[in-house]
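The structure under discussion appears below in the form of structure tokens.
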Amino acid sequence: MTTIVTPEVQKRIADNWLEVRADIDRACRAAGRDASDVTIVGVTKYVDASLTKALVDAGCTDLGENRPQVLWRKAEDLDDVSIRWHLIGSLQRNKAKRTVPILHRLHSLDSLRLAQTVAEITAMQGSVLPCMLEVNISGDADKHGFDPKILEAELFEIQQLAGLRIDGLMCMASLEHPGNEAAIDFQALRKLRDNLAAKSGLPLTELSMGMSGDFEAAIAEGSTIVRIGSRLFEGVR
Ligand SMILES: *Cc1c(COP(=O)(O)O)cnc(C)c1O
Numbered sequence: 052m053t054t055i056v057t058p059e060v061q062k063r064i065a066d067n068w069l070e071v072r073a074d075i076d077r078a079c080r081a082a083g084r085d086a087s088d089v090t091i092v093g094v095t096k097y098v099d100a101s102l103t104k105a106l107v108d109a110g111c112t113d114l115g116e117n118r119p120q121v122l123w124r125k126a127e128d129l130d131d132v133s134i135r136w137h138l139i140g141s142l143q144r145n146k147a148k149r150t151v152p153i154l155h156r157l158h159s160l161d162s163l164r165l166a167q168t169v170a171e172i173t174a175m176q177g178s179v180l181p182c183m184l185e186v187n188i189s190g191d192a193d194k195h196g197f198d199p200k201i202l203e204a205e206l207f208e209i210q211q212l213a214g215l216r217i218d219g220l221m222c223m224a225s226l227e228h229p230g231n232e233a234a235i236d237f238q239a240l241r242k243l244r245d246n247l248a249a250k251s252g253l254p255l256t257e258l259s260m261g262m263s264g265d266f267e268a269a270i271a272e273g274s275t276i277v278r279i280g281s282r283l284f285e286g287v288r
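Using this note's numbering, you'd call the opening residue of the sequence shown number 52 and step up by one each time.
The following block contains the structure:
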């Protein structure tokens, strides 16, 4: 079913977007950072194509989805809309061929084998895909991502692959840390990034961290991409 986007719903989404932007600007100022250094990816996994389009109309053109099949459908439904698509959830290798051509950025590269598969596809396309390595920074059993302890060796292999531009790290804060302890995970990811950048010689300028509930802490620790979902769709779903 397609949601009818009434003027009230459109207004609510536009207001949510402005509020989120204002809060992120404030978090940047508090951290002594420039707001233009933080990209907001609007996470649209909760809503259908028409509400996704309403968010674009409100001004948010970087969009994130966590499931490849949903991404395919939305990208098709909205192919006349200018959107930069980010995949923020796991990509099974058998879905890579159809997903990679749609993407502006892959946040969730989580294995050497997936990196090899993606590199084969970009080689065929003659393109380069910006990718971030997803790290299971908290060590939660139910989280995806590289084990930080072995990431240096894996990165050495991955950086040899043409067609991928590994330019940063991504994480989710542990659900087991309520409240501001997300900051512990974000700081650990930033330190891991600093260390890997020094060892690999890759700049690794991007840190994808921070969601609706914890973006202030992430920005304070140097996040350059925040992934915001629920806040943007408050009151409309
Ligand atoms: C859903 C999701 C988000 C957005 O989370 P909210 O709390 O709704 O802002 C961010 N990142 C990933 C990987 C997600 O799956």
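Glycine is no exception: its CB is placed at the ideal position from the N, C-alpha and C atoms.
Owing to the predicted nature of the structure, the values given are computational and were not obtained by experimental measurement.
Heavy atom of ligand 1 less than 7 Å from the Cβ of residue i, yes or no?
i: Ile263; result: For the record, residue 263 in the displayed sequence is Ser; it is not Ile. Within the cutoff, so yes.
i: Met223; result: yes
i: Gly140; result: yes
i: Asn117; result: yes
i: Ser189; result: no
i: Lys96; result: yes
i: Thr279; result: In the sequence as displayed, the identity of residue 279 is Ile instead of Thr. Flag set: Cβ of Ile279 near ligand 1.
i: Arg135; result: no
i: Arg282; result: yes
Whole angstroms are fine: how far does the CA of residue j sit from the CA of residue i?
i: His158; j: Arg84; result: 23 Å
i: Arg118; j: Gln143; result: 10 Å
i: Trp352; j: Val89; result: A question about residue 352 goes unanswered here, because the residues of the chain that appear run from 52 up to 288.
i: His155; j: Ala174; result: 16 Å
i: Val92; j: Ile209; result: 25 Å
Cβ contact check for the segment 210-224 and the segment 248-263: 3 or more pairs under 8 Å
yes
Continuous beta strand (DSSP E) assignments of at least 3 residues falling wholly in the segment 204-267:
215-221 and 257-259
Is the segment 97-105 in contact with the segment 274-284, if contact means three or more CB pairs nearer than 8 Å?
yes
At which residue ranges does the segment 64-117 contain complete beta strand (DSSP E) runs of 3 or more residues, listed in the order of the chain?
Listed in chain order, they are 90-94 and 113-116.
Any chance the segment 243-254 sits against the segment 69-85, with 3 or more Cβ pairs inside 8 Å?
no
Measuring CB atoms only, is the segment 160-169 touching the segment 197-212, in the sense that at least three cross pairs come out at less than 8 Å?
yes
Uninterrupted alpha helix (DSSP H) stretches inside the segment 134-183 (no shorter than 4 residues)
147-150 and 163-176
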